[in-house]
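Chains as they are written, first to last, in my numbering: chain V, 27 to 298; chain G, 27 to 298. One structure is given below, encoded as structure tokens.
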């Protein structure tokens, strides 16, 4: 599925960061990843992680990332301060903060590690799905600009299923960047936030909803992740509980050969 | 199950914090919640949350909490700096840092909110279990001191099941504080970290293991949580993936009347 790009991939453009000294970088939102208001949360999460990944003192690969969406991110420039709060022999802990005009827009923490060989077992199983090639892609609505950067092939709980109440909030899809791009940690991070809010599927209609906190556990190191190439990822998400204006959803992202690349959890605000 | 305590509950003693100005508090570890090395992670998580809960600028109830165990917590005094990074109309974001002798031991972020009525649905179901009264409590091993502060009644995957490999890492138990104590957010937070590492159950033996990051989503506000009283909580946990020295486990904590009190996720280091 490789395509030849004549210029930088939109994801790499969105992740361009300029060091301004002492672990601080600056960047700017891009129109390609615009959501209805401000940027797609997944691109913000990927940008926060990138600030740590490119930090000169970075140790190892990300094991966990938590991003808190503290307030709206305005279209335009932002500053990210990434600080290694503690570096041990094989682990490193990060506190990361995005500001715009001195106001905190997003906070994050991350754990990085030099991962070692160990006993391996995947206890959960991937969802049943036909091959990506045999599922038709569904374009997102035009007014949600960031969705055009993904090729999404829904196996269950697709966009056209937001139509009448249902008892199960599961969505399963094949997803890859469009144009195709070799998967790396920022790309995988953005994909973890690419599921539309589960409340849409349960209620059969769109409503105000937004992620307040997103956590990702990475189950592969950089070498293993690079083996994924630009293959489609089999992604599945489901909610646990809706109530008092918040709900949580959990996701699994499966790669080539049935490798679990990441598990992800988030809590969202909603208004119904 | 209420008992009359003649002095403060050990949990409340462990959570004693003294304000020293500007959102900073000091406290000290207690022998009652000692783990094999340093304090039980759940008590550290509960202490981090308490620093925000008792902050004079605190808004609403916790919706999410992420605690990163950056390094060992030494027995003795600690300092916690809790900072509201952004306060909106109905949400508040926190960055919290615990230091000992100026070295970062633990970091956390939290989201608090004034929760409003909304559509409600619990999509997951509680695990099958007989009533707490009909299950015998299992005392933890004496060398794990903090376990004596819990009444644990295992329904599945108990301590005595750490004996030979098995394919499923599920543990389900009834748990309450011992002596009994009305459940509140710090108490619930500590319980979210009370499951022994899932790798013990899969491998049938203990091994070096420790939580590096813990995330909790709270599904009740303070009023609803207070209705739980000191009833036992039905708690269940299971792992997703083990590999390259880390694994993740997810948990649900169910309260009176089948109310989902919290979902919780963590990633642990292990050595096998």
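Ideal Cβ placement from N, Cα and C applies to all residues, glycine included.
With distances taken from CA atoms, which of the options is nearest residue i?
| i | options | result |
| --- | --- | --- |
| residue 90 of chain V | V/241, V/283, V/224, V/284 | V/241 |
| residue 166 of chain G | G/188, G/257, G/155, G/238 | G/188 |
| residue 296 of chain G | G/236, G/254, G/250 | G/236 |
| residue 113 of chain V | G/131, G/194, G/276, G/48 | G/131 |
| residue 170 of chain G | G/111, G/93, G/229, G/220 | G/220 |
| residue 211 of chain G | G/67, G/79, G/65, G/48 | G/79 |
| residue 129 of chain G | G/92, G/260, G/97, G/224 | G/97 |
| residue 121 of chain G | V/183, V/149, V/147, V/92 | V/92 |
| residue 279 of chain G | G/71, G/174, G/150 | G/150 |
| residue 67 of chain V | V/183, V/143, V/95 | V/95 |
| residue 246 of chain G | G/148, G/108, G/190 | G/148 |
| residue 125 of chain G | V/81, V/111, V/238 | V/111 |
| residue 202 of chain V | V/174, V/258, V/224 | V/258 |
| residue 200 of chain G | G/48, G/250, G/160 | G/160 |
| residue 224 of chain V | V/174, V/294, V/209, V/238 | V/294 |
| residue 281 of chain G | G/239, G/123, G/209 | G/209 |
| residue 108 of chain V | V/48, V/250, V/238, V/239 | V/48 |
Using a C-beta cutoff of 8 Å, does residue i count as contacting chain C?
| i | result |
| --- | --- |
| residue 92 of chain G | Considering every chain present, this structure includes no chain C. Its protein chains are V and G. |
Where does residue i land, buried or exposed, given buried means 16+ other C-beta within 10 angstroms?
| i | result |
| --- | --- |
| residue 292 of chain V | buried |
| residue 181 of chain V | buried |
| residue 283 of chain V | exposed |
| residue 118 of chain V | buried |
| residue 73 of chain G | buried |
| residue 275 of chain G | buried |
| residue 115 of chain G | exposed |
| residue 36 of chain V | buried |
| residue 162 of chain G | exposed |
| residue 133 of chain G | buried |
| residue 76 of chain G | buried |
| residue 39 of chain V | exposed |
| residue 83 of chain G | exposed |
| residue 28 of chain G | The predicted model places residue 28 of chain G with a pLDDT of 48, which falls under 50 and marks its position as unreliable; any figure quoted below should be read in that light. It counts as exposed. |
| residue 193 of chain V | exposed |
| residue 33 of chain V | exposed |
| residue 232 of chain V | exposed |
| residue 198 of chain G | buried |
| residue 168 of chain G | exposed |
Taking residue i and residue j to be in contact with their CB atoms under 8 Å, please state how far apart those CB atoms are, rounded to whole angstroms.
| i | j | result |
| --- | --- | --- |
| residue 204 of chain G | residue 176 of chain G | 6 Å |
| residue 105 of chain G | residue 186 of chain G | Actually they are not in contact, since the Cβ atoms of residue 105 of chain G and residue 186 of chain G sit about 40 Å apart, beyond 8 Å. |
| residue 172 of chain G | residue 69 of chain G | 7 Å |
| residue 207 of chain V | residue 298 of chain V | With a Cβ gap of about 35 Å, residue 207 of chain V and residue 298 of chain V do not count as contacting. |
| residue 178 of chain V | residue 164 of chain V | 6 Å |
| residue 52 of chain G | residue 65 of chain G | About 15 Å separates the two Cβ atoms, so there is no contact after all. |
| residue 277 of chain G | residue 261 of chain G | 6 Å |
| residue 190 of chain G | residue 227 of chain G | Not confirmed; about 10 Å, so no contact. |
| residue 244 of chain V | residue 87 of chain V | 7 Å |
Given the structure, does residue i come close to the ligand NAD, in the sense that its CB is under 7 Å from one of the ligand's heavy atoms?
| i | result |
| --- | --- |
| residue 171 of chain V | Because no ligand of any kind appears in the structure shown, any question about the ligand NAD cannot be addressed here. |
ask   = For the segment 171 to 235 of chain G, which segments carrying the alpha helix (DSSP H) assignment without a break, of at least 4 residues, lie completely within its bounds, in sequence order?
value = 211 to 218, 224 to 229
inquiry  = For the segment 205 to 225 of chain V against the segment 254 to 272 of chain G, do three or more pairs of beta-carbon atoms, one drawn from each stretch, fall closer than 8 Å, so that the two count as touching?
reply    = no
4 or more residues per run - each alpha helix (DSSP H) lying fully within the segment 75 to 131 of chain G = none
ask   = Does the segment 280 to 290 of chain G touch the segment 243 to 255 of chain G, meaning 3 or more C-beta pairs lie closer than 8 Å?
value = yes
ask   = Is the segment 269 to 284 of chain V close to the segment 132 to 143 of chain V, with three or more CB pairs under 8 Å?
value = no
inquiry  = Closer than 8 Å is the cut-off here; do at least three beta carbon pairs connect the segment 153 to 166 of chain G with the segment 54 to 63 of chain G?
reply    = no
inquiry  = Contact between the segment 90 to 104 of chain V and the segment 32 to 45 of chain V is defined here as three or more beta-carbon pairs at a separation below 8 Å; is this criterion met?
reply    = no
key: Inside the segment 36 to 63 of chain G only - alpha helix (DSSP H) runs reaching at least 4 residues   = 36 to 40
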